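Presented below is the structure to which this report refers.
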Amino acid sequence: MLDAPSYEEAVWEASRDLVNLVPAVTHLARSRIRRIRRSVSHDAVVHERKEVAGLAVVFGAEP
Numbered sequence: 091m092l093d094a095p096s097y098e099e100a101v102w103e104a105s106r107d108l109v110n111l112v113p114a115v116t117h118l119a120r121s122r123i124r125r126i127r128r129s130v131s132h133d134a135v136v137h138e139r140k141e142v143a144g145l146a147v148v149f150g151a152e153p
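Note that the numbering used here has the sequence shown beginning at 91, numbered continuously upward.
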């Protein structure tokens, strides 16, 4: 039977997984902004940018 990972190992693995998500989230946010720019009004773009910036802060990345 395999031993369960220690608390430190589990935290390290979760942290690594989260750090690996940041570039993907940033890329998706930027592509979403580009799509919105092409299809909707300026007000909607500003709103979406604010929303994406909030997500970026949560994930620790620049929008």
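Ideal Cβ positions, reconstructed from N, Cα and C, are used throughout, including at glycine. Keep in mind that this is a model prediction, so the values were computed, not measured.
I'd like to check one pair, residue j with residue i: are the Cβ atoms closer than 8 Å?
i, j, result
"VAL112", "ILE123", "no"
"VAL101", "LEU145", "no"
Which residues in the same chain as residue i place their Cβ atom closer than 8 Å to its Cβ, once the five residues preceding and following it in sequence are excluded?
i, result
"LEU104", "The displayed chain sequence assigns Ala, not Leu, to residue 104. Cβ neighbours of ALA104 beyond the five flanking positions: none."
"ARG106", "none"
Identify whether residue i lies in helix, strand or coil by the three-state DSSP scheme.
i, result
"ALA94", "coil"
Leaving out the 5 sequence neighbours to the left and right, which residues in its chain are closer than 6 Å to residue i when beta-carbon positions are compared?
i, result
"ARG127", "VAL135"
"TYR97", "none"
Thinking C-alpha only, which one of the options is nearest residue i?
i, options, result
"VAL142", "ASP93, GLU99, LEU118 and ARG106", "LEU118"
"SER121", "GLU98, ARG106, VAL109 and GLU138", "GLU138"
Can you list, in chain order, the residues of its chain with a C-beta nearer than 7 Å to that of residue i? Leave out the 5 residues immediately preceding and following it.
i, result
"ALA94", "none"
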